[in-house]
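As given, the protein sequences belong to chains A and B, one line each in that order. When we follow my numbering, the leftmost residue of the first sequence carries the number 1, and every step to the right adds one. When we follow my numbering, the leftmost residue of the second sequence carries the number 1001, and every step to the right adds one. Each residue gets a CB set at the ideal place from its N, CA and C atoms; glycine is no exception.
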Amino acid sequence: DQQVKQNSPSLSVQEGRISILNCDYTNSMFDYFLWYKKYPAEGPTFLISISSIKDKNEDGRFTVFLNKSAKHLSLHIVPSQPGDSAVYFCAATPNNNDMRFGAGTRLTVKP
Amino acid sequence: GAVVSQHPSRVICKSGTSVKIECRSLDFQATTMFWYRQFPKQSLMLMATSNEGSKATYEQGVEKDKFLINHASLTLSTLTVTSAHPEDSSFYICSARDRGAKYQPQHFGDGTRLSIL
């Protein structure tokens, strides 16, 4: 069951511009949302998270926005850098145990 | 940041062999560790939740007798794929969460590529 969906399998942006990665979820019990970055043959690396009591969390170039009414979250990266090129996974959990992942979005930042 | 070590990174073995994968949290204590499986071009699928000192909780469709999980200490969980067959070939990844506050992210190991011939 696809409780977490990333509908864009890939995204390409120019260096210096903003990257916006989107994620939708269906389970209203989810209360903690995370973004992970993954390189080939490596495990996912935690980037940023947000709990359901907030609608925005910012960490340097990375900002996560949560719209609970729309069951939608997004990750903004600005300015984008070539080193940001990777697969980004959105994840959500109702109790920080049963974490469900989206299918991932491959971001390519062109120099 | 938190570090999770997973070993081995790659295993190639014959059908019928049992394979053990270790997952260690290096700089924090993890009451709970998680085991995932990733098929090519797909997302991570949770297989089981490993609880220190108790039995693992398996997701629906995951055979507990095929995938044995042991979580003997707060820093180590093991996954044993018993009598592995070619269809068990996959990328297995573990994660761990610090047993502190509720809103703590899971940190992942680098995964184990299992290839059964």
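Got a sec, what are the start and stop residues for the beta strand (DSSP E) residue i sits in?
i	result
B/I1093	1090–1097
B/V1011	1010–1013
B/F1039	No beta strand (DSSP E) contains B/F1039, which DSSP labels as neither H nor E.
B/M1047	1044–1051
B/A1072	1067–1073
B/T1112	1112–1116
A/M26	The amino acid occupying residue 26 of chain A in the given sequence is Thr; Met does not appear at that position. Run containing A/T26: none; DSSP gives neither H nor E here.
B/A1084	Neither: B/A1084 is in no beta strand (DSSP E) and is coded neither H nor E.
A/K37	32–38
Could you tell me whether the Cβ of residue i comes closer than 8 Å to any Cβ of chain A?
i	result
B/Y1103	yes
B/T1078	no
B/H1107	yes
B/S1043	yes
B/T1075	no
B/D1065	no
B/L1026	no
B/R1099	no
B/G1118	Lying outside 1001 to 1117, the shown extent of chain B, residue 1118 of chain B is not represented and no answer is given.
Leaving out the 5 sequence neighbours to the left and right, which residues in its chain are closer than 7 Å to residue i when beta-carbon positions are compared?
i	result
A/V78	I18, R61
B/I1116	C1013, S1015, A1084, H1085, P1086, D1088, S1089
My assumption, with CB atoms under 8 Å, is that residue i sits in contact with residue j. Please give the rounded CB distance.
i	j	result
A/S52	A/K68	6 Å
A/A86	A/K56	About 23 Å separates the two Cβ atoms, so there is no contact after all.
B/R1010	B/T1112	7 Å
A/F30	A/P94	5 Å
A/L66	A/I50	5 Å
A/G104	A/Q6	6 Å
B/E953	B/L1046	As shown, chain B starts at 1001 and ends at 1117. That puts residue 953 of chain B outside it, with no answer to give.
Is there a C-beta anywhere in chain B that falls below 8 Å from the one on residue i?
i	result
A/P79	no
A/N96	yes
A/A103	yes
A/L34	yes
A/G43	yes
A/F46	yes
A/M99	yes
A/F65	no
Here's a check: name, in chain order, each residue in its chain whose Cβ is nearer than 8 Å to the Cβ of residue i, leaving out the five neighbours to either side.
i	result
A/K71	D24, Y25, T26, S28
A/V13	S19, S80, L107, T108, V109, K110
A/M99	L34, A91, A92, T93
Residues in the same chain with beta-carbon distance under 6 Å from residue i, minus the five sequence neighbours each way, listed in chain order, please.
i	result
B/I1069	A1048, S1050, A1056, L1079
Task: Stretch-stretch touch, CB-based, cutoff 8 Å, three pairs: the segment 1022–1030 of chain B with the segment 1073–1086 of chain B - done: Enough Cβ pairs lie closer than 8 Å, so yes.
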